[in-house]
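Note sheet for the following structure.
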Amino acid sequence: MIEESKLRITRSVLLLASIAMLIAATVVHAADGDIAVQRALQQAVSRPAPAQVDAQAVQTLSFRRDPAITSRVQQETIQAFGRNTQQVADLEQVIGSGELLRQFDGILRRYGYDPTNLGDVLAAHLLISWEVANDRDSARVPEGQRAVRRQLIGPLAAVPQIAGMSDAAKQAQAERTAYLTMVSALSYQTMKRQGNRQALASLASGVRKGLQSNGVDLQRVELTDDGLVAR
């Protein structure tokens, strides 16, 4: 989980948390995810992770970052979530500065993931969402952290709508997912530090419902050395 002390928390982080719970279901659907994507996610958690992932599947989901797209997604996120001048200023600090994305990239690298691979980004989203929904720390199962990416990459790369995405589309989807994931994780850490059980329960419920809409019940899977597998 994220080390909260490394990132300055502002009023708008908690604002984003409430919004993230409402739109969490769009994370995969924004990648043109329909029934095929739901099936891919269900398939991923229905069996242990393979020992390795096909190199072509990794390549299919990889992208090159374009600074112009990063800037566009930052501003779209700030404008979508900032409701007044103060909120926009706060969001500029945590999103416009690039700090939130840098933090996310650092987390992925600790997992052994690639921030420029859509499959790895969605795997991190699934893993961190599991932590929030279950009040658990995936760091206790490091082999499981590494296994989740192997679970997702193959099934996701096999979905035509995802395989056909341009680099720009994959990058934009990955970075939108990164912001939502970080907001949920930072909010979880803040609420936990404050001992706010009611807020934690609400956040966990929202995150769980978001993934349920995509066919995965985070409270019915367990993190093992083989990845996230059904209990």
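Position one of the sequence shown corresponds to residue 868 (the numbering used here), numbered consecutively onward. Every residue gets a Cβ at the ideal spot worked out from N, C-alpha and C, and that includes glycine.
If you check the CB distance, glutamine 1018 and glycine 1094 come in under 7 Å. Excluding residues up to 5 positions away in sequence, Gln941, Gln942, Ile945 lie with their Cβ nearer than 8 Å to the Cβ of glycine 963 in the same chain. Boundaries of the alpha helix (DSSP H) harbouring alanine 991: 985-1001, taken from the DSSP string.
By the CB criterion at 7 Å, alanine 1045 and phenylalanine 930 fall outside the cutoff. The DSSP-derived three-state label of glycine 1094 is strand. The secondary-structure analysis by DSSP pairs serine 929 across a beta bridge with Asn984. Bridge pairing for glutamate 1089: Val1096 [DSSP]. Serine 1080 and threonine 983 have their C-alpha atoms roughly 25 Å apart. Contact between alanine 903 and glutamine 1028 is confirmed by a C-beta separation of about 7 Å, below the 8 Å threshold.
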